[in-house]
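Visitor: Shown below is the structure under consideration.
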Amino acid sequence: MIRTSIRTQLIIHQLKYVVEKTVKDKLLDEVIEFGVLEGIITNIWIMGTADSQIHAKLDISVSYNSGGASFDISGNIKDRVFTGQDNDWLHDEADNNRSNCPVWSEAINWFVKLCQQENLSLKWGIIVSGREQEIIDKFRLVSLTDEDKTQNTNSSIVPNSFFTELNMGIGFSQEKFGD
Amino acid sequence: MEDRTIIKRFSDTINIIAERFPHQHQWQQLKNKFEAEFGKQKDQAETASDKLPANDNCPCCNIRKRCGENLLCDECLKLYRPVNSSIIENICDCGHRPAGPEIFLFYPYGRSHSLCSIDCVKDHYRQLFGPLLRRLK
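These protein sequence lines are chains A and B, in that order.
According to the working numbering, the first sequence is numbered sequentially starting from 9.
According to the working numbering, the second sequence is numbered sequentially starting from 165.
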């Protein structure tokens, strides 16, 4: 089902802002646009990695509401995260748009600083609910193989102030960041 | 939390209770006793709340520079809007009376949340971003 409401477009705009402030990958922009309009993308991970290990992670979850009756799709295949084969870096100046959640902006700002501080490379991953092969083929994605060292660590939750459909979890590895 | 902040908060709380229950004289007595004992420190606390750091750092994030004449930096101003304290009838959402002519409204999550002073703005900011900030070197 294709969702083309203004709200959906604003959600896409918010998610693209996260991309712009972090990995700056045009491919992820395209994946988000397609995945949110089709209602199949459930999680977007922005990761700080080193030596094929994930030491910092922003886990953005997307839930989809339809009219009065709401339903959530949750990604249940946590070991199948897909990512691009190579980074297509963009260098556009970040657009500091007021339609983006300022709390998220600040959290992302500190997250990127922490990753820079620990010399972590930023990369992304997505989790979809259904139509996996279609997404893989369409965007030439591959399975993420990095070891997630942020699993089973305490994560902070930062709700989006504009969209209840969006939530952000932030986790760090014990190895790099301690408690 | 610093001692002076604790004293100020306790003083605010006693004042509120004493006003709310004027017929229960023990609260007024406690208020008077507290003011006699800690009045000087309380005044110092209120003055200290408004004092800016010696450098140009934003007193909220304590990392970025303050924005011109504003008390806070650009990014913190997006989160906390300074407004005239006259909009508050009694106490702010942080549980204290306005500490000066300006209070701060945290408004991203719909209903705005009023904060009495820069001290409470700092506390609020650290609650929000503490897990990130404490990992910064």
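We put the beta carbon where it would ideally sit given N, CA and C, even for glycine.
Given the structure is predicted, the values throughout are model-derived calculations rather than measurements.
#1: Can you list, in chain order, the residues of the segment 115-142 of chain A whose Cβ is nearer than 8 Å to any Cβ on chain B?
#2: My guess is that Val-166/A and Trp-112/A are in contact by the Cβ rule of under 8 Å, so how many angstroms apart are they, rounded?
#3: Mapping the DSSP letters down to three states, classify Tyr-289/B as helix, strand or coil.
#4: In the DSSP assignment, the alpha helix (DSSP H) including Asn-248/B goes from what residue to what residue?
#5: Would you mind telling me which residues of chain A sit closer than 7 Å to Arg-299/B, beta carbon to beta carbon, in chain order?
#6: Figure out for me which residue from Ile-143/A, Leu-149/A and Thr-161/A has the closest Cα to the Cα of Val-44/A.
#7: Mind checking who Glu-266/B pairs with in its DSSP beta bridge?
#8: So, Ser-278/B versus Ile-267/B, is the Cβ gap smaller than 7 Å?
#9: Do the segment 126-140 of chain A and the segment 156-176 of chain A make contact, defined as three or more Cβ pairs closer than 8 Å?
#10: Say whether chain A places a C-beta atom closer than 7 Å to the C-beta of Leu-241/B.
#11: Using CA coordinates, which residue listed in Asn-226/B, Ala-200/B, His-187/B and Gln-190/B is at the minimum distance from Ile-171/B?
#12: By alpha-carbon positions, which one of Ile-178/A, Ile-20/A and Glu-173/A ends up nearest to Pro-295/B?
#13: Do Thr-57/A and Leu-128/A have their CB atoms nearer than 7 Å?
#14: Using only CA atoms, which one of Ser-169/A, Arg-15/A, Asp-59/A and Gln-22/A lies nearest to Ser-276/B?
#15: Starting from the Cα of Asp-154/A, find the closest Cα among Asp-145/A, Lys-65/A and Asn-51/A and give me that residue.
#16: For a contact meaning CB atoms closer than 7 Å, what does Ser-164/A contact in chain B?
#17: Let me check understanding here. Comparing Cα to Cα, which of Phe-147/A, Ile-48/A, Ser-13/A and Lys-29/A lies closest to Met-55/A?
#18: Closest by CA to Lys-286/B, which one among Ile-180/B, Tyr-273/B, Asn-221/B and Leu-194/B?
#19: Just to confirm the assignment, what range does the beta strand (DSSP E) spanning His-21/A have?
#20: At what residue ranges does the segment 129-170 of chain A contain a whole run of the beta strand (DSSP E), taking only runs of 3 or more?
#21: What is the rounded straight-line gap between the Cα of Ile-227/B and the Cα of Lys-301/B?
#22: Leu-292/B versus chain A: which residues are under 7 Å apart at the beta carbon?
#23: Note the first and the last residue of the continuous beta strand (DSSP E) segment covering Lys-65/A.
Guide: Let's see:
#1: Ala-115, Asn-117, Trp-118, Phe-119, Lys-121, Leu-122 and Gln-125
#2: 6 Å
#3: helix
#4: Careful: Asn-248/B lies outside any alpha helix (DSSP H), inside the beta strand (DSSP E) at 244-248.
#5: Leu-122, Phe-180 and Phe-185
#6: Ile-143/A
#7: Asn-248/B
#8: yes
#9: no
#10: no
#11: Ala-200/B
#12: Ile-178/A
#13: yes
#14: Ser-169/A
#15: Lys-65/A
#16: Pro-295
#17: Lys-29/A
#18: Asn-221/B
#19: Taken as a continuous stretch (DSSP letters only), His-21/A belongs to no beta strand (DSSP E), being part of the alpha helix (DSSP H) at 14-29.
#20: 129-136, 149-151 and 163-167
#21: 11 Å
#22: Val-111
#23: 61-70
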